[in-house]
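Residue numbers (the numbering used here): 39 to 394. Take a look at the structure set out below.
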Amino acid sequence: MYDVELVGIAKRFGSVPALEDISLSVRHGEFLTLLGPSGCGKTTLMKIIAGLIAPTIGDVIVRGQRVNDLPPYQRDVSLMFQNYALFPHKTVFDNIAFGLKYRGVKKADRADPVRRILELVRLPGMDSRYPHQLSGGQQQRIALARSLVVNPAVLLLDEPLSNLDQKLRVGMRVELKQIQESAQVTFVFVTHDQNEALALSDRIVVMNKGHILQVGTPKEIYERPTSRFVADFIGQSNFFNGAIVDYSNANLKFRTNSGVELTIKAPTAVVPTHGRAVVQVRAEHVRLQTEEPTDENRFRGTVERVVYEGTVVIYRLRLAQGDPLTVSAPGKAQTIDTGATVWVSFAASDCVLVPE
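Written as structure tokens, this is what we have:
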């Protein structure tokens with residue numbers, strides 16, 4: 039059984055379509071992420087699951103029950119808001135116990151579940167404090183505890199890490215995944231941050247303009263994108279527009295519009311019969327050298343810009359034929375100056391064909 043099933047969901051606000059023909063199944067116990075740019079429909083879809091917005095057409099099914107006509111508090115789902123929405127005048131205990139109270143749990147029976155959930159989120163003994171006495175990370179975990187204490191079938195999380203500073207945000211990714219695995223609750227997580235999605239998810243749903251473009255594991259989404267948008271949205275990539283000019287060997291020959299010839303490992307996907315295609319090469323797969331390399335694909339280029347980011351250095355180059363190229367190199371490597379003429383190379387296996 040799936041914990042959530044969405045069947046033919048569409049949503050229109052007046053004449054404006056927000057979602058179109060969304061069908062998706064969420065497995066029990068998985069961490070599923072809705073990923074996409076602002077305005078792609080991911081938050082609208084989450085609110086439809088929660089019951090805060092009604093779909094124009096389509097069905098929402100939670101653990102086998104159609105819940106379209108049920109109010110949010112009867113759907114067996116919890117929603118964790120982006121701003122945490124903690125009650126400032128209530129203690130941590132009362133914040134967490136709020137959902138239990140409104141589900142009819144007697145006051146005497148609320149203490150044990152609250153204590154257990156505080157242990158789960160690694161904040162034991164915090165029950166008498168107030169939200170203003172907590173750090174941002176602690177507030178985030180209290181909001182998570184409040185959502186989990188009612189033991190929902192599904193927990194919906196609307197960009198819960200966006201209010202944290204970068205270092206705490208990275209640390210909370212680990213905490214969030216560990217809590218999800220310990221609680222054994224299905225998480226549906228909304229974010230526009232690709233690194234969060236890759237680090238946390240069992241599966242990622244990439245959305246754009248109200249449509250689902252691809253569903254897969256982080257590795258599948260990153261290494262085998264099925265569209266130009268997905269390939270460009272996840273990570274840093276180079277794209278070459280052109281055509282396949284030789285199908286005769288295990289490696290294909292591809293000629294870009296500018297005349298650059300690439301050797302491409304024969305793809306597992308169907309090769310376009312008309313020849314026109316786009317080749318993707320990840321920035322971290324391009325090697326930057328001062329002497330001519332031996333890779334199948336090697337070219338001369340000029341460094342136009344250098345961006346030092348600590349762990350990596352981003353180089354913006356221009357190939358001799360005019361094509362732009364981005365290289366992501368380890369930060370500890372020797373930096374090459376702007377204006378230098380260099381060799382760049384990548385293997386045939388680093389080239390991915392994506393639909394034009």
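Where a beta carbon is used, it is the ideal one built from N, C-alpha and C, also for glycine.
Check the Cα spacing between Y140 and each of Y111, L117, R160, K215: the tightest is with Y111.
Distance from the CA atom of A288 to the CA atom of R325, rounded to whole angstroms, is 23 angstroms. Within the segment 168-197, the runs of beta strand (DSSP E) that reach at least 3 residues and sit entirely inside it are, in chain order, 192-196. Residues M245, N246 of the same chain have their beta carbon placed closer than 6 angstroms to that of C78, with the five preceding and five following residues left out of the count. Residue nearest to A149 within the set Q177, V187, N121 is V187 (criterion: CA-CA distance).
DSSP places D97 inside the beta strand (DSSP E), whose first and last residues are 95-100. If only complete runs of 3 or more residues are kept, the segment 196-223 shows no beta strand (DSSP E) anywhere.
The continuous stretches of beta strand (DSSP E) do not include G163, and DSSP gives it neither H nor E.
Per DSSP, the beta bridge partners of S366 are I352.
DSSP places T301 within a strand segment (E or B) once states are collapsed to three.
For Y140, no beta strand (DSSP E) encloses it; the enclosing alpha helix (DSSP H) starts and ends at 130-140. With 16 or more other Cβ atoms inside 10 Å of its own Cβ, D196 counts as buried. Distance check between E322 and each of V208, P331, T373, V351 places V351 closest, using alpha-carbon atoms only. Among the bridge pairs identified by DSSP, A281 is matched with R293, R314. Per DSSP, the continuous beta strand (DSSP E) segment holding P55 begins and ends at 54-65. DSSP places F267 in no beta strand (DSSP E) but in the uninterrupted alpha helix (DSSP H) bounded by 266-271. Annotation for Y260: the continuous alpha helix (DSSP H) segment containing it runs 256-261. Cβ neighbours of S200 within its own chain (closer than 7 angstroms, five residues either side excluded): Q120. In the structure shown, V392 falls within a strand segment according to DSSP collapsed to helix, strand and coil. If you draw a straight line from the Cα of S265 to the Cα of L193, it is about 30 angstroms long.
Shown here, Y40 sits in a strand according to DSSP, grouped into three states. Per DSSP, T82 is one residue of the alpha helix (DSSP H) stretching across 80-88.
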